[in-house]
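A.B. asks: Chains as they are written, first to last, in my numbering: chain E, 1 to 147; chain C, 1 to 247.
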Amino acid sequence: MSEKQRKHSIFDIMNEYREEFETLADELMASAFSEGPSWNTETCCLQALSNVIITPREVIVTADLPNIKPESVKVEAVDENLIEITAKMKKKVRFADLGIDHRQGEFSSLHCQGRVHVAIDTEKMKISFNGGILEVRFPRKNRHKSE
Amino acid sequence: MSESIRIVEEKPIPSEATMIIGLPDVGLVGLIATSYLISELNLEEIAYMDSDLLPPVMVLHKGLPHAPLRIYGNQNLIAVISELAVPVPAIYPIMQEIVKWGQAKKVKRIVSIGGIPIENRQTITEPKVFGAASNQELLDMLNKSGLSIMNEGYIVGPQALTMRYSVSKKVSAIAILAQSFYNYPDPEAAAMVLKELSKISDIKVDISKLLEKGEEIRLKARDIMKRTQQEMSRMKKSQEYDLPLYV
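#1: Quick one: which residues of the stretch 54–83 of chain C get their C-beta closer than 8 Å to a C-beta of chain E? List them in chain order.
#2: Do we get a CB-CB distance below 7 Å when we pair C/ASP223 with the residues of chain A?
#3: Tell me whether the beta-carbon of C/GLY115 lies closer than 7 Å to the beta-carbon of C/SER180.
#4: Quick check on the DSSP output: the alpha helix (DSSP H) that includes C/PRO89 runs from which residue to which?
#5: Under 7 Å Cβ to Cβ from E/LYS92, same chain only, skipping five residues before and after it: list those, please.
#6: Below 7 Å between beta carbons is the criterion; list the residues of the stretch 101–117 of chain E that meet it against any residue of chain C, in chain order.
#7: Quick one: using the 10 Å Cβ neighbour count with 16 as the cut-off for buried, is C/ASP202 buried or exposed?
#8: Between the stretch 86–102 of chain C and the stretch 155–165 of chain C, do three or more beta carbon pairs fall short of 8 Å?
#9: With 7 Å set as the bound, which would you pick, yes or no: does the beta-carbon of E/ILE127 sit closer than that to a beta-carbon of chain C?
#10: Take the Cβ of C/PRO65 as the centre, count every other Cβ of all protein chains shown within 10 Å, and call the residue buried at 16 or more, exposed below.
#11: How many angstroms separate the CA atom of E/LYS88 from the CA atom of C/PRO24?
#12: Can you tell me where the alpha helix (DSSP H) with C/MET192 in it begins and where it stops?
#13: If you measure from the beta carbon of C/TYR184 to each beta carbon in chain E, is any gap under 7 Å?
#14: Alpha carbon to alpha carbon, how far is C/ALA104 from E/LEU49?
#15: CA-CA distance, C/GLN136 and C/GLU10?
#16: Tell me, please, which residues DSSP counts as bridged to E/CYS44.
#17: With DSSP run on the structure shown, which of helix, strand or coil describes C/LYS11?
#18: In terms of residue numbering, what span does the beta strand (DSSP E) encompassing C/GLU44 cover?
#19: With 16 as the cutoff for other CB atoms within 10 Å, does C/PRO244 come out buried or exposed?
#20: Evaluate the contact criterion for the stretch 189–203 of chain C versus the stretch 146–155 of chain C: three or more CB pairs, one atom per stretch, below 8 Å.
#21: For the putative contact between E/PHE138 and E/VAL59, defined by C-beta atoms under 8 Å, what is the C-beta separation to the nearest angstrom?
#22: Shortest alpha-carbon distance to E/ALA77 belongs to which of E/ILE120, E/SER128, E/GLY132, E/ASN15?
#23: In whole angstroms, what separates the C-alpha of C/ILE20 from that of C/ALA190?
#24: Which same chain residues, not among the five before or five after C/GLN229, have their C-beta less than 7 Å away from its C-beta?
#25: Hey, C/TYR48 and C/ARG70 are a contact pair by Cβ (cut 8 Å); roughly how many whole angstroms apart?
#26: Between E/GLY36 and chain C, is there a C-beta pair that is closer than 7 Å?
#27: Verify the CB distance criterion: does C/LYS220 have a CB-CB separation below 7 Å to chain E?
#28: So what's E/PHE107 in DSSP terms, helix, strand or just coil?
#29: Between which two residues does the beta strand (DSSP E) containing E/THR86 stretch?
#30: Under the rule that 16 or more other beta-carbon atoms within 10 Å means buried, what is E/HIS111, buried or exposed?
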């Protein structure tokens, strides 16, 4: 078999697909975990950890919100696919409080965004806050009738 | 495989000690619990891991540089922690080296501490703790001590490899795992692990300070949790949710 023919065997094609898939997966991973600080001294915000879970019937967005005033939690739909969560802290936190002396700044709120890739009904969201964890449930729109 | 990894000893290493391993993993349970132990028992740094498989990172504490993967100890206890999410390609040789080193130091037992991810963690006030062991004798000991046994299930990552290499090297090892958040730092789960650890060993610490500092720890641990989550995704950690088939 010639070199050219060998290159186009089914295994080569599968390998090419696999490499493309791995590259795509790496890109997705990189975009999901973007590099950069988890704080913003201009907006006085710390970035909260968050999660988006998509089930057949609903989308559940959770966020870890330690040290916040539960009554200050705001959940907003920035657009059809982007949910924004903000909450004010019980007391301001300075870099020094976190053991960091070489930076200056203080933080008064926690903030995060969750991207949702399916249609959701933002007007029917249900919010609960338990043990410092915020949970927001959105019913999905446009579900198939068979579901 | 181990050529590019070495454990550099800075102080005399005790023999017949219990070796606790708390590396970044689900809910950072192992790391939080082991760091708290180190601080409460005033353990001193006795060794560190040097490896070009780890990212080029040093951690500064009180102005002095430290290796991210370090070993602390006293006469009876050795504690291994990492302030760095261990990259997946490095995890095999690193765990192998840690177990091999423990065997060379004649450790009495390896105790691997970690979390078991559960989806409804926020509805649980007091996370349950489960144990697993490298042999039947140890499993019976855990049972007699009243620790619930994780009878069936997958463990993935540092605990899995600790078990694998401990079994192959005939080193006694147990895993103590608390129900925890998957990708949120979980100091409460860490506290529950330490509570159970005190029942099966003579390692006893007051966990009240850990519970009091819970919110502060959750704020400080966000970055290492995020990086650990990346590595957990790469090692298919979510397989711990799976149901094993053994007919």
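Each residue gets a CB set at the ideal place from its N, CA and C atoms; glycine is no exception. Values in this document were obtained by computation on a predicted structure and should not be read as measured data.
C.D. replies: With the structure as the only source:
#1: none
#2: Given the protein chain composition of this structure (E and C), no chain A is represented.
#3: Here residue 115 of chain C is taken as the residue at index 115 of the second sequence, counted from 1. Here residue 180 of chain C is taken as the residue at index 180 of the second sequence, counted from 1. Taking 7 Å as the Cβ cut-off, C/GLY115 and C/SER180 qualify as a contacting pair.
#4: Indexing the second sequence from 1 puts residue 89 of chain C at position 89. Its alpha helix (DSSP H) spans residues 88–104.
#5: Numbered from 1 along the first sequence, position 92 holds the residue referred to as residue 92 of chain E. Excluding positions up to five away in sequence, the list reads GLU106, PHE107, SER108.
#6: none
#7: The sequence position of residue 202 of chain C within the second sequence is 202, counting from 1. Burial call: exposed.
#8: yes
#9: Translated into positions along the first sequence, residue 127 of chain E becomes position 127. Not closer than 7 Å to any Cβ of chain C, the Cβ of E/ILE127 fails to qualify, so no.
#10: Against the second sequence, residue 65 of chain C aligns to sequence position 65. It counts as exposed.
#11: What you label residue 88 of chain E is simply residue 88 of the first sequence in a count that begins at 1. What you label residue 24 of chain C is simply residue 24 of the second sequence in a count that begins at 1. In a straight line, the C-alpha of E/LYS88 is about 29 Å away from that of C/PRO24.
#12: Taking the second sequence and counting its residues from 1, the one referred to as residue 192 of chain C is at position 192. From DSSP, the alpha helix (DSSP H) with C/MET192 extends over 187–200.
#13: By 1-based counting over the second sequence, the position of residue 184 of chain C is 184. True, the Cβ-Cβ gap to chain E drops below 7 Å.
#14: Taking the second sequence and counting its residues from 1, one reaches residue 104 of chain C at position 104. Taking the first sequence and counting its residues from 1, one reaches residue 49 of chain E at position 49. Rounded to the nearest angstrom, the two C-alpha atoms are 40 Å apart.
#15: Mapped onto the second sequence, residue 136 of chain C falls at position 136. Mapped onto the second sequence, residue 10 of chain C falls at position 10. Spanning the two alpha carbons is a distance of roughly 36 Å.
#16: Residue 44 of chain E sits at position 44 when you count from the first residue of the first sequence. In the DSSP output, where bridge partners are listed per residue, E/CYS44 has none listed.
#17: For the purposes of this step, residue 11 of chain C is taken as residue 11 along the second sequence, with counting starting at 1. Residue state, collapsed to three classes: coil.
#18: Taking the second sequence and counting its residues from 1, the one referred to as residue 44 of chain C is at position 44. First-last of the beta strand (DSSP E) with C/GLU44: 44–51.
#19: Along the second sequence, one-based indexing puts residue 244 of chain C at 244. Burial call: exposed.
#20: yes
#21: Indexing the first sequence from 1 puts residue 138 of chain E at position 138. Indexing the first sequence from 1 puts residue 59 of chain E at position 59. About 5 Å separates the two Cβ atoms, so the contact holds.
#22: Against the first sequence, residue 77 of chain E aligns to sequence position 77. The candidate whose alpha carbon is nearest that of E/ALA77 is E/ILE120.
#23: By 1-based counting over the second sequence, the position of residue 20 of chain C is 20. By 1-based counting over the second sequence, the position of residue 190 of chain C is 190. Distance between the alpha carbons of C/ILE20 and C/ALA190: 13 Å.
#24: Mapped onto the second sequence, residue 229 of chain C falls at position 229. Cβ neighbours of C/GLN229 beyond the five flanking positions: ASN183.
#25: The sequence position of residue 48 of chain C within the second sequence is 48, counting from 1. The sequence position of residue 70 of chain C within the second sequence is 70, counting from 1. With a Cβ gap of about 5 Å, C/TYR48 and C/ARG70 count as contacting.
#26: Here residue 36 of chain E is taken as the residue at index 36 of the first sequence, counted from 1. False, the Cβ-Cβ gap to chain C never drops below 7 Å.
#27: As a position in the second sequence, residue 220 of chain C is number 220, starting the count at 1. Yes, C/LYS220 counts as interfacial toward chain E.
#28: Reading the first sequence from its first residue, position 107 is the one you call residue 107 of chain E. Correct three-state label for E/PHE107: strand.
#29: Looking up residue 86 of chain E in the first sequence gives position 86. Unbroken beta strand (DSSP E) run through E/THR86: 82–94.
#30: Stepping through the first sequence from its first residue, residue 111 of chain E is reached at position 111. By the neighbour-count rule (16 or more Cβ atoms within 10 Å), E/HIS111 is buried.
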